Amino acid sequence: MYHKLIIAGHLGRDPEMRYTPDGTPVTNFSVATTRKWNNPDGSQGEETIWVRVTVWRRQAEIAAQYLSKGRLVLVEGRLTPDRNSGGPRIWTAQDGSPRASFEMTADRVIFLGGRDSGGGAAESASDSGQAYYPEEEIPF
Numbered sequence: 007m008y009h010k011l012i013i014a015g016h017l018g019r020d021p022e023m024r025y026t027p028d029g030t031p032v033t034n035f036s037v038a039t040t041r042k043w044n045n046p047d048g049s050q051g052e053e054t055i056w057v058r059v060t061v062w063r064r065q066a067e068i069a070a071q072y073l074s075k076g077r078l079v080l081v082e083g084r085l086t087p088d089r090n091s092g093g094p095r096i097w098t099a100q101d102g103s104p105r106a107s108f109e110m111t112a113d114r115v116i117f118l119g120g121r122d123s124g125g126g127a128a129e130s131a132s133d134s135g136q137a138y139y140p141e142e143e144i145p146f
């Protein structure tokens with residue numbers, strides 16, 4: 007069996023890097039993906055989904071160094087199910103309403119746009135190091 011998740015969106019906050027007890031770097035960040043559409047009555051609909059991303063090893067160090075809040079990224083990886091439910095992590099907000107959190111482990115993070123703007127070349131952080139990907143090769 008095999009599954010792969012590909013998301014593109016903006017970071018909701020700066021990445022947070024830490025180290026496991028054995029010294030392995032791990033970085034976490036959240037990505038907002040937004041889908042927009044037109045309703046039959048002419049109004050616009052919008053849906054935003056937040057995905058918590060975990061990145062490991064050298065890729066974690068690169069992501070922590072170069073990513074920041076608002077940066078556009080494409081992330082490839084796999085869903086990380088909740089150990090208890092096998093699905094999204096379910097929790098209760100402070101106001102008592104039920105919430106769910108989608109989580110994924112990244113295999114590859116591609117930095118889209120420039121550091122200060124939405125345009126420019128794409129950079130990639132993967133376990134094999136950095137690579138350049140022209141925008142024509144991005145799968146969307």
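Heads up: the sequence shown begins at 7 in my numbering, then just goes up one per residue. Glycine included, every Cβ here is placed at the ideal spot set by N, Cα and C. Since we're looking at a predicted model, the values are computed, not measured.
Inter-residue CB distance, residue i and residue j (contact presumed, cutoff 8 Å)
i	j	result
Phe117	Arg63	So it is not a contact: roughly 17 Å between Cβ atoms.
Met110	Val57	6 Å
Lys10	Glu67	Wrong, their Cβ atoms sit about 23 Å apart, outside the cutoff.
Asp101	Arg95	The Cβ separation is near 18 Å, so there is no contact.
Phe35	Leu73	6 Å
Val2	Ile13	Absent from the structure is residue 2, since the part of the chain shown begins at 7 and ends at 146.
Spatial neighbours of residue i in its chain, beta-carbon cut-off 6 Å, leaving aside the 5 residues before and after
i	result
Asn45	Gly51
Gly124	Confidence in Gly124 is poor, its pLDDT being 45 and thus under 50, which makes the residue's placement unreliable; the coordinate value appears in the next sentence. Result list for Gly124: empty, nothing under 6 Å.
Arg41	Glu53
Ala69	Pro21, Thr33, Val61, Val115 and Ala131
Arg105	Trp97 and Ala99
Ala112	Val59, Val61, Val81 and Gly83
Closest residue to residue i among the options (Cα-Cα distance)
i	options	result
Leu17	Arg89, Trp97, Tyr8 and Thr60	Thr60
Thr39	Met23, Phe108 and Ile96	Phe108
Gln71	Met23, Ala99 and Val79	Met23
Met7	Arg84, Thr30, Ser36 and Arg114	Arg84
Lys75	Arg19, Ile12 and Ala14	Arg19
Reduced DSSP category for residue i - H, G, I as helix; E, B as strand; rest coil
i	result
Ala70	helix
Ser91	coil
Ala99	coil
Leu118	coil
Thr111	strand
Arg105	strand
Arg77	coil
Other residues of its chain near residue i: CB distance less than 7 Å, five sequence neighbours each side excluded
i	result
Asp133	Any reading at Asp133 must be qualified, since the residue scores a pLDDT of 45, below 50, and its modelled position is unreliable; the value itself is stated next. Same-chain partners within the cutoff: Arg63, Arg64 and Gln65.
Thr26	Val32
Every unbroken alpha helix (DSSP H) inside the stretch 8-67 [4 residues or more]:
none
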